[in-house]
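Structure first, then comments.
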Amino acid sequence: MINSGRYINYIIEKLNIIRYELISKNKLNLTDDNIILENFIGNILNLTYSYSLINLNCKEKNFPGIDLGDESIGLGIQVTSDKSGKKVQKTLDKCIENKTYKKYNKLKIFILSEKQKAYSMSYNNELLEFNVTKDIFDFDDLYRDVLYVSTDVRRKICEYIDSEIINVMESLDADFYDQYDFKRLVKDIKKEEWVYSEKEKSYMIIINHFFGYIPFHVDVLEDNSIVIVGEKRYKDKVEIFANVAFDCKVLIS
């Protein structure tokens with residue numbers, strides 16, 4: 001049985017891959033509406049909080065003010081990379097103007113990047129329930145709440161992330177590397193498949209595999225250093241990834 005703490009670590013690690021990709025793209029104004037990402041976040045929230053959220057943009061394109069809705073509890077959630085108070089106010093105005101409160105009288109805003117430390121705005125409208133302090137949340141809040149769910153729920157979240165993360169990263173036009181699969185692949189190589197190189201005066205193994213659609217070779221040398229051979233445009237990403245995976249110096253040939 002996997003330790004419950006390992007589930008939490010897995011959840012944080014994988015969701016942070018998505019989060020920091022979004023933060024980087026947001027700085028360059030490269031984030032657009034993304035139904036795949038909205039569905040993904042919605043299902044993570046469903047598993048964590050026992051919601052029954054659906055993607056409202058699948059029912060009505062550009063649904064006003066909110067992206068996800070659970071009609072059974074009257075909850076609407078806006079999913080956005082924009083953490084500004086201006087965006088929060090715009091969301092509130094849209095919900096009031098379009099009377100979304102008739103079905104969804106409670107509003108929460110999930111920030112895909114990192115919410116502000118504080119929001120100076122005030123809000124008071126009986127038609128739509130919204131607390132500026134409590135109802136703006138991000139991945140850090142999600143991680144804290146995952147600490148209080150059952151081990152079975154954590155396992156389900158991990159399984160869901162594992163099944164969808166490549167699709168999500170692909171929808172963001174980003175590459176995905178799984179360091180655990182990378183480690184496992186190297187460890188599973190049979191001893192007789194290692195070859196001694198007279199030229200390099202060391203043993204090596206060449207692994208042909210795809211990580212996030214990127215083909216490259218891995219040479220593991222006798223001193224446990226690694227030589228990655230791949231397309232040059234991926235050089236920096238591969239180097240960082242391999243350093244994290246193996247905790248050792250990585251040489252790029």
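Residues in the sequence shown are numbered consecutively from 1, following the UniProt record's numbering. Yeah, the Cβ is synthetic: ideal placement off N, Cα and C, and Gly gets one too.
Beta-bridge analysis with DSSP links E129 to K106.
For L92, the enclosing alpha helix (DSSP H) has its first and last residue at G85 to E97. Within the same chain, and ignoring the five residues on either side of T91 in sequence, the residues whose Cβ sits closer than 7 Å to its Cβ are G65, Q78 and I109. Minimum Cα-Cα distance from Y10 among the listed residues D162, K106 and I23 corresponds to D162.
Partner residues in the beta bridge of G69, as assigned by DSSP, are I54 and G76. The C-beta distance from S84 to N26 rounds to 11 Å, too long to fall under 8 Å, and the pair is not in contact.
Judged by their CB atoms, K103 and E71 are nearer to each other than the 8 Å cut-off. Spanning the alpha carbons of E164 and V88 requires a straight line of approximately 28 Å. Contact between L45 and G69 is absent: CB atoms are separated by about 12 Å, not below the 8 Å threshold. For L142, the closest of S113, Y101, K99 and S122 by C-alpha to C-alpha distance is S113. E159 counts as exposed, since fewer than 16 other beta carbons sit within 10 angstroms of its beta carbon. Annotation for G74: Y104, N105 and K106 place their beta carbon closer than 6 Å to its own, counting only its chain and skipping 5 residues before and after.
With 16 or more other Cβ atoms from the protein chains shown falling within 10 Å of its own Cβ, K14 counts as buried. Cβ contact annotation for M121 (same chain, cutoff 7 Å, sequence separation greater than five): G85, V88, Q89 and V132, in chain order.
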